[in-house]
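Visitor: Quick one: structure below, then a few questions.
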Amino acid sequence: MTTSQPSAGRNGGITYARTREGFDLPVIDITNPRFTVPGDPAAVQRANDAFIAEERRRRYIPKFIMRIMLRALARKSRLVRALFQSESGYLDSLSTYVLKLGADNLVPPYDSPTDRKVASSPHILLIRLRMQQVAHLMAEGLAKDLAAASAAAPLHLVNIGGGPALDSINALIVLRRARPALLNNRPIAIEVLDANADGAFFGANALAALKVDQGPLAGLDIAMHQHDYDWDQPALLEALVAKLVSADAVIAASSEGALFEYGSDDAIVANLKALRAGGGGARLVVGSVTLGDDQRRRMIARTRFKLYPRGVAGFAPLAAAAGFRVVKVEQALLSEQVLLRPL
Numbered sequence: 092m093t094t095s096q097p098s099a100g101r102n103g104g105i106t107y108a109r110t111r112e113g114f115d116l117p118v119i120d121i122t123n124p125r126f127t128v129p130g131d132p133a134a135v136q137r138a139n140d141a142f143i144a145e146e147r148r149r150r151y152i153p154k155f156i157m158r159i160m161l162r163a164l165a166r167k168s169r170l171v172r173a174l175f176q177s178e179s180g181y182l183d184s185l186s187t188y189v190l191k192l193g194a195d196n197l198v199p200p201y202d203s204p205t206d207r208k209v210a211s212s213p214h215i216l217l218i219r220l221r222m223q224q225v226a227h228l229m230a231e232g233l234a235k236d237l238a239a240a241s242a243a244a245p246l247h248l249v250n251i252g253g254g255p256a257l258d259s260i261n262a263l264i265v266l267r268r269a270r271p272a273l274l275n276n277r278p279i280a281i282e283v284l285d286a287n288a289d290g291a292f293f294g295a296n297a298l299a300a301l302k303v304d305q306g307p308l309a310g311l312d313i314a315m316h317q318h319d320y321d322w323d324q325p326a327l328l329e330a331l332v333a334k335l336v337s338a339d340a341v342i343a344a345s346s347e348g349a350l351f352e353y354g355s356d357d358a359i360v361a362n363l364k365a366l367r368a369g370g371g372g373a374r375l376v377v378g379s380v381t382l383g384d385d386q387r388r389r390m391i392a393r394t395r396f397k398l399y400p401r402g403v404a405g406f407a408p409l410a411a412a413a414g415f416r417v418v419k420v421e422q423a424l425l426s427e428q429v430l431l432r433p434l
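Each residue of the sequence shown is one higher than the last, beginning at 92 in the working numbering.
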């Protein structure tokens, strides 16, 4: 069970919640125009063109000059330190979350001019779009599954590598606006499977803040549970799914910026199989897959991040090996967001 401090409340139409470090951060609500990213094909193409132009300019800077520049910027920016000085091979969940806020929504200690410049880059815009697309795909799939289920059936959203699980939370916000009757009077839980509890600590506070007063999730019975998880050892996931199946729960899973992008082929297959343990389990899985084109591969090669640039073409056979098929894809150019259903 995730323990948390009291939420930080609402201010100026934006909900705030507290991190484990004691900072109050805005809570992303993709139905609020402050956080919405234009997702039409023309807007996505503009962001991609700007991203390519930025990458071309960076390519002409000698590596030793770039290292000097980044060291200088890291002294002024928590986000630069997180992006370019990480030794883990991935970006921590809370820094990833802050990047998704957008430059205009940054607050201390993430609001230096350098932080704002980083958060306004085309690359980050596409990462923000990624979460938005995952949330909408989840809401779309859940609407079908819940409409076909008993009104009393509990809903469990399994979030693998989820950090604060704002993709799951936003899926509920979107669904609440579109089909409120599907969530009313239904027990709901978000199961965050992540080795680092800091993200889920903030996520629990964010969820609590969204449920009070006139918040977008007010009146709903929603809990968040954090499980210490290593996706290379999926026994915990298999046991969790078996428990939820025995409780006749509606199970949906997501992994935004996590398993399908950083996990090995074996880990992806094993986790998807665990989600369908015994032929039951999750009938809906949504996640992001790193694009597999040459441009994305070159970019990854210049970073410390241990991404697998598979694209949907490389991911679909892994899903099939675990008993799933890709039924819908949304493009954010750096990644492809997939909706999976059982074969």
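Where a beta carbon is used, it is the ideal one built from N, C-alpha and C, also for glycine.
Source: prediction; values computed, not measured.
So for residue 248, helix, strand or coil by DSSP?
Guide: Position 157 of the sequence shown, counted from the start, is the residue given in the question as residue 248. Strand at residue 248.
Visitor: Counting beta carbon pairs with one atom in the region 255 to 265 and one in the region 401 to 417, are three or more of them shorter than 8 Å?
Guide: no
Visitor: Exposed or buried, which one is residue 211 when buried takes at least 16 other CB atoms within 10 Å?
Guide: The residue labelled residue 211 in the question sits at position 120 within the sequence shown. Its Cβ having fewer than 16 others within 10 Å, residue 211 is exposed.
Visitor: Ignoring anything shorter than 4 residues or poking outside the region 261 to 332, list the alpha helix (DSSP H) runs there in chain order.
Guide: 288 to 302
Visitor: Just mark residue 306 as buried or exposed, buried being the case when its beta carbon has 16 or more other beta carbons within 10 Å.
Guide: Numbered from its first residue, the sequence shown carries residue 306 at position 215. Counting Cβ neighbours within 10 Å, residue 306 comes out buried, since at least 16 surround it.
Visitor: CA-CA distance, residue 188 and residue 433?
Guide: The count along the sequence shown starts at 1 and reaches residue 188 at position 97. The count along the sequence shown starts at 1 and reaches residue 433 at position 342. Answer to the nearest angstrom: the Cα atoms are 30 Å apart.
Visitor: Report yes or no: do the region 132 to 140 and the region 281 to 293 share at least 3 C-beta pairs separated by less than 8 Å?
Guide: no
Visitor: For the 8 Å Cβ check, are there 3 or more pairs between the region 336 to 350 and the region 222 to 230?
Guide: yes
Visitor: With DSSP collapsed to three states, give me the class of residue 435.
Guide: Coverage of the chain is limited to positions 92 through 434, which leaves residue 435 absent and any answer about it impossible.
Visitor: Given this structure, state the Cα-to-Cα distance separating residue 121 from residue 171, to the nearest angstrom.
Guide: If you number the sequence shown from 1, residue 121 lands on position 30. If you number the sequence shown from 1, residue 171 lands on position 80. The alpha-carbon atoms of residue 121 and residue 171 are separated by roughly 25 Å.
Visitor: How many Å lie between residue 267 and residue 298 at the Cα?
Guide: Taking the first residue of the sequence shown as position 1, residue 267 is located at position 176. Taking the first residue of the sequence shown as position 1, residue 298 is located at position 207. Whole-angstrom Cα-Cα distance: 14 Å.
Visitor: From the DSSP secondary-structure annotation, give me the bridge partner or partners of residue 342.
Guide: For the purposes of this step, residue 342 is identified with residue 251 of the sequence shown, where counting begins at 1. Residue 342 pairs with 247.
Visitor: Counting Cβ pairs closer than 8 Å, one from the region 242 to 253 and one from the region 382 to 390, do we hit at least three?
Guide: no
Visitor: Please state whether the Cβ-Cβ distance between residue 311 and residue 274 is less than 9 Å.
Guide: By one-based count along the sequence shown, residue 311 stands at place 220. By one-based count along the sequence shown, residue 274 stands at place 183. Contact: yes.
Visitor: DSSP has residue 426 in a bridge; who is on the other side?
Guide: Here residue 426 corresponds to residue number 335 of the sequence shown, with the count starting at 1. According to DSSP, which records beta bridges pairwise, residue 426 is partnered with 381.
Visitor: Quick one: residues in its chain with C-beta nearer than 8 Å to the C-beta of residue 200, no 5 flanking neighbours on either side, listed in chain order?
Guide: On the sequence shown, residue 200 is found 109 positions in, with the first residue counted as 1. Same-chain partners within the cutoff: 114 and 169.
Visitor: Near residue 336, which residues of its chain fall below 8 Å by C-beta distance, leaving aside the five closest residues on each side in sequence?
Guide: Sequence index remark: in the sequence shown, residue 336 carries index 245 (1-based). Hits under 8 Å: 342, 368, 369, 371 and 372.
Visitor: What is the DSSP secondary structure of residue 121, reduced to helix, strand or coil?
Guide: Against the sequence shown, residue 121 aligns to sequence position 30. Reduced to three states, the DSSP call for residue 121 is coil.
Visitor: Within this structure, are the beta carbons of residue 316 and residue 327 separated by less than 9 Å?
Guide: Residue 316 sits at position 225 when you count from the first residue of the sequence shown. Residue 327 sits at position 236 when you count from the first residue of the sequence shown. It is not a contact, given that the beta carbons lie outside the stated cut-off.
Visitor: So, helix, strand or coil for residue 238, using DSSP?
Guide: Translated into positions along the sequence shown, residue 238 becomes position 147. Residue state, collapsed to three classes: helix.
Visitor: For residue 432, write down the residues that DSSP places opposite it in a beta bridge.
Guide: The residue given as residue 432 occupies position 341 in the sequence shown. 416, per the DSSP bridge assignment.
Visitor: What does the alpha-carbon distance come out to for the pair residue 388 and residue 322?
Guide: Mapped onto the sequence shown, residue 388 falls at position 297. Mapped onto the sequence shown, residue 322 falls at position 231. Straight-line Cα distance between these residues: approximately 24 Å.
Visitor: Do you know offhand how far residue 147's Cα is from residue 405's?
Guide: Position 56 of the sequence shown, counted from the first residue, corresponds to residue 147. Position 314 of the sequence shown, counted from the first residue, corresponds to residue 405. Answer to the nearest angstrom: the Cα atoms are 27 Å apart.
Visitor: Is residue 135 helix, strand or coil when you go by DSSP?
Guide: Position 44 of the sequence shown holds residue 135. Residue 135: helix per DSSP, three-state reduction.
Visitor: Cα separation between residue 304 and residue 402?
Guide: On the sequence shown, residue 304 is found 213 positions in, with the first residue counted as 1. On the sequence shown, residue 402 is found 311 positions in, with the first residue counted as 1. Near 42 Å, if we compare the C-alpha coordinates of residue 402 and residue 304.
Visitor: Note the first and the last residue of the continuous alpha helix (DSSP H) segment covering residue 196.
Guide: If you number the sequence shown from 1, residue 196 lands on position 105. Run containing residue 196: none; DSSP gives neither H nor E here.
Visitor: So, residue 204 versus residue 246, is the Cβ gap smaller than 9 Å?
Guide: Looking up residue 204 in the sequence shown gives position 113. Looking up residue 246 in the sequence shown gives position 155. Result no, Cβ atoms of residue 204 and residue 246 do not sit closer than 9 Å.
Visitor: Classify residue 365 as buried or exposed, calling it buried when 16 or more other Cβ atoms lie within 10 Å of its own Cβ.
Guide: The count along the sequence shown starts at 1 and reaches residue 365 at position 274. Buried, because 16 or more other Cβ atoms sit within 10 Å of the Cβ of residue 365.
Visitor: Out of 421, 431 and 425, which has the shortest C-alpha to C-alpha gap to residue 131?
Guide: If you number the sequence shown from 1, residue 131 lands on position 40. Of the listed residues, the one whose Cα sits closest to residue 131 is 421.
Visitor: Contact check, residue 221 vs residue 112 under 8 Å by CB: the rounded distance?
Guide: Taking the first residue of the sequence shown as position 1, residue 221 is located at position 130. Taking the first residue of the sequence shown as position 1, residue 112 is located at position 21. Wrong, their Cβ atoms sit about 25 Å apart, outside the cutoff.
Visitor: Quick check on the DSSP output: the alpha helix (DSSP H) that includes residue 356 runs from which residue to which?
Guide: Indexing the sequence shown from 1 puts residue 356 at position 265. Looking at the DSSP string, the run of the alpha helix (DSSP H) that includes residue 356 is 356 to 366.
Visitor: Measure the alpha-carbon distance for residue 197 versus residue 354 and round it to whole angstroms.
Guide: By one-based count along the sequence shown, residue 197 stands at place 106. By one-based count along the sequence shown, residue 354 stands at place 263. Cα to Cα, the separation comes out at about 30 Å.
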